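Numbering (my numbering), first residue to last: -4 to 92.
Here's what the structure looks like:
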């Protein structure tokens, strides 16, 4: 959305969801991630977003279009977690081998 990459995880408002999906809790604690595109690896940081009308509205609209997602309220309530896939702040945001 808007030139940035985002990833979401639903069912986070329930105990079953938190057991079933452990990566979001780990990502919130330590956001280090690696994204592979066309065989190239890029070090990134997952940054949880819980508010911000423009981002929530935009990402929610895309999710609704593709997956019939419930809207920004699901993110604000904590049932769905939203992460921006952001460049690493340590200066290692480029391609890695």
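Ideal placement from N, C-alpha and C gives every residue a C-beta, glycine not left out. Given the structure is predicted, the values throughout are model-derived calculations rather than measurements.
message: I need the straight-line Cα distance from residue 42 to residue 23, nearest angstrom please.
response: Here residue 42 is taken as the residue at index 47 of the chain shown, counted from 1. Here residue 23 is taken as the residue at index 28 of the chain shown, counted from 1. Approximately 7 Å, taken between the alpha carbons.
task: Pick helix, strand or coil for residue 31, following the three-state DSSP scheme.
output: Position 36 of the chain shown, counted from the first residue, corresponds to residue 31. Reduced to three states, the DSSP call for residue 31 is strand.
Delimiting residues of the alpha helix (DSSP H) encompassing residue 62: Start at 1 with the first residue of the chain shown, and residue 62 comes out as number 67. Where residue 62 is concerned, the enclosing alpha helix (DSSP H) stretches over 48 to 62.
- prompt: Do you know how far the Cα of residue 79 is from the Cα of residue 0?
  reply: Translated into the one-based positions of the chain shown, residue 0 becomes position 5. Translated into the one-based positions of the chain shown, residue 79 becomes position 84. If you take the alpha carbons of residue 0 and residue 79, they lie about 6 Å apart.
task: Answer with buried or exposed for residue 39, where buried requires no fewer than 16 other C-beta atoms within 10 angstroms of its C-beta.
output: One-based indexing of the chain shown puts residue 39 at position 44. When all chains shown are included, residue 39 counts as buried.
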